[in-house]
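Below you'll find the structure, written out as structure tokens, and then a few comments.
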Amino acid sequence: MDRDELGEVIASVQAKFPERPREEVEDVVRGAYRDLAGTATVTAHLIPLTLNRSMRLMRIQRNRRPANGRGEILVLAETSAHSCG
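Taking our numbering, the leading residue of the sequence shown gets 2, the next gets one more, and so forth.
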């Protein structure tokens, strides 16, 4: 993992979701990267895929959390493309 690239992903996601704590953004991005890297056979696109997945997960969390800040909390679970079934 290139820490500079992952740091850029964290900064990009944080810029889109400034209301979320940085630690939460870091956890989402690192979890997305770890999940993708764990099943990747080609690593050239891991950073853009990590950005896309992280943004999607953050949007899901924002949509689940009402304006008062109370509501469902996003729980990231490791998944595997091979665990279907």
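Backbone N, C-alpha and C define an ideal beta-carbon position, used for all residues, glycine too.
Quick one: give me the first and last residue of the alpha helix (DSSP H) that residue i is part of.
i: A38; result: R23 to T40
i: A14; result: First, the amino acid is wrong: residue 14 is Val here, not Ala. Note, V14: alpha helix (DSSP H), R4 to K17.
i: T1; result: This structure cannot settle anything about residue 1, because the visible part of the chain is limited to 2 through 86.
Is residue i buried or exposed, if buried means 16 or more other CB atoms sit within 10 Å of its CB?
i: D5; result: exposed
i: V26; result: buried
i: V43; result: exposed
Straight-line CA distance for residue i to residue j?
i: I61; j: R54; result: 11 Å
i: L47; j: R63; result: 24 Å
i: A16; j: P49; result: 16 Å
i: E24; j: V14; result: 12 Å
For residue i, which residues of its own chain have a beta-carbon under 7 Å away from its beta-carbon, when the five flanking residues on both sides are left out?
i: T51; result: V10, V30, A33, Y34 and L37
i: L7; result: V30 and Y34
Suppose the cutoff is 6 Å on Cβ atoms and the five residues either side in sequence are ignored; what does the same chain contact list for residue i look like?
i: A12; result: none
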